[in-house]
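Here the protein sequences line up with chains S and A, keeping their order.
Using this note's numbering, the first residue of the first sequence is number 642, and each one after it goes up by one.
Using this note's numbering, the first residue of the second sequence is number 20, and each one after it goes up by one.
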Amino acid sequence: GGIITQTPKFLIGQEGQKLTLKCQQNFNHDTMYWYRQDSGKGLRLIYYSITENDLQKGDLSEGYDASREKKSSFSLTVTSAQKNEMAVFLCASSIRQGANTEVFFGKGTRLTVV
Amino acid sequence: GDSVTQTEGLVTLTEGLPVMLNCTYQSTYSPFLFWYVQHLNEAPKLLLKSFTDNKRPEHQGFHATLHKSSSSFHLQKSSAQLSDSALYYCALSGGNYQLIWGSGTKLIIKP
Numbered sequence: 642g643g644i645i646t647q648t649p650k651f652l653i654g655q656e657g658q659k660l661t662l663k664c665q666q667n668f669n670h671d672t673m674y675w676y677r678q679d680s681g682k683g684l685r686l687i688y689y690s691i692t693e694n695d696l697q698k699g700d701l702s703e704g705y706d707a708s709r710e711k712k713s714s715f716s717l718t719v720t721s722a723q724k725n726e727m728a729v730f731l732c733a734s735s736i737r738q739g740a741n742t743e744v745f746f747g748k749g750t751r752l753t754v755v
Numbered sequence: 020g021d022s023v024t025q026t027e028g029l030v031t032l033t034e035g036l037p038v039m040l041n042c043t044y045q046s047t048y049s050p051f052l053f054w055y056v057q058h059l060n061e062a063p064k065l066l067l068k069s070f071t072d073n074k075r076p077e078h079q080g081f082h083a084t085l086h087k088s089s090s091s092f093h094l095q096k097s098s099a100q101l102s103d104s105a106l107y108y109c110a111l112s113g114g115n116y117q118l119i120w121g122s123g124t125k126l127i128i129k130p
C-alpha cells in the first residue's frame with residue numbers, strides 16, 4: 642500500500658499572507674487533487690493534475706495556485722489568506738482519471754487565518 | 020449538471036439499530052456511485068462503489084444498492100456499532116470522470 646503525506650498538519654496564517662501546502666504520494670499515481678473541506682459543503686475541487694507539470698482548475702480555483710513539480714508531489718498556494726478563514730485542505734491521488742477509479746486521500750492540512 | 024444530494028447533515032442512532040444514510044443523484048450519464056467514510060482525524064477512504072452489473076457492493080457490514088429508476092444509492096447497515104461513528108460522503112463519477120460530492124452526513128452512534 643501507499644500513503645499520502647500532507648505538510649504541515651496545522652497552518653496558522655495572517656490575513657493577506659501567501660501560504661503553501663505540500664503533498665507527497667508514494668502510490669506512483671498519475672492523477673493528484675486538492676480539495677477544500679468545509680462542514681456541510683462536501684468536498685470542493687480546487688485543482689487537479691493528470692500528470693507531471695499538468696494543471697487543471699476545479700470549481701474553487703480562484704484565490705489559489707498549484708504546482709505539480711514531479712509525479713509524486715503536488716503543492717497548493719493560498720495566494721492571499723482571508724481573515725477568519727478556517728478550512729481543511731485535502732490532497733488526494735488516483736492511478737488515473739477514470740469513471741470507476743478509487744481516490745486515496747491524505748489526512749489534511751487545517752488552515753486558520755487570524 | 021451532475022449533482023449528489025445527501026439530505027441528512029447529522030444522524031444520531033443508538034448502537035444496534037439499523038443505519039440508512041440517503042443519497043440521491045442527478046446525472047445525464049450512467050454514473051458510478053461511491054460511498055467514502057472519514058473517521059475523526061483520519062483521511063477519507065472508500066467504503067463502497069457501485070458495480071456495472073447490478074451486484075450489491077458490501078463492506079464492513081455496509082451495503083448500498085444502485086437504483087437507477089429512483090436515482091438513489093442509499094447506504095445501509097443492519098446493526099450500528101459505536102465504531103461506525105464518522106462522516107460519510109456519497110459521490111458520483113460523471114461524464115468527465117470528475118467526482119461530484121454530496122455535502123456529507125455525520126453519523127453518531129450512541130451506546
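Glycine included, every Cβ here is placed at the ideal spot set by N, Cα and C.
The structure presented is a predicted model; accordingly, all values stated were derived computationally and were not measured.
DSSP places residue 671(S) outside both helix and strand once states are collapsed to three, so it counts as coil.
Runs of the alpha helix (DSSP H) lying entirely within the segment 24 to 95 of chain A, each at least 4 residues long, are absent. Residues of chain A whose Cβ lies closer than 9 Å to the Cβ of residue 662(S) do not exist; the shortest such Cβ separation is about 15 Å. The closest CA to that of residue 100(A), considering only 129(A), 108(A), 70(A) and 57(A), is found on 129(A). Residue 721(S) has its alpha-carbon roughly 35 Å from the corresponding atom of residue 45(A). Among the CB atoms of chain S, none fall inside 8 Å of the CB of residue 35(A). Nearest in C-alpha terms to residue 731(S), of all of 125(A), 28(A) and 63(A), is 63(A). Residue 78(A) counts as exposed, since fewer than 16 other beta carbons sit within 10 angstroms of its beta carbon.
In this structure, 699(S) is the residue among 699(S), 727(S) and 647(S) with its C-alpha nearest to the C-alpha of residue 690(S). Between residue 707(S) and residue 716(S), the C-beta spacing is below 8 Å. Sorting 703(S), 672(S) and 728(S) by C-alpha distance to the C-alpha of residue 710(S) places 672(S) at the top. Here DSSP, grouped into helix, strand and coil, assigns residue 101(A) to helix.
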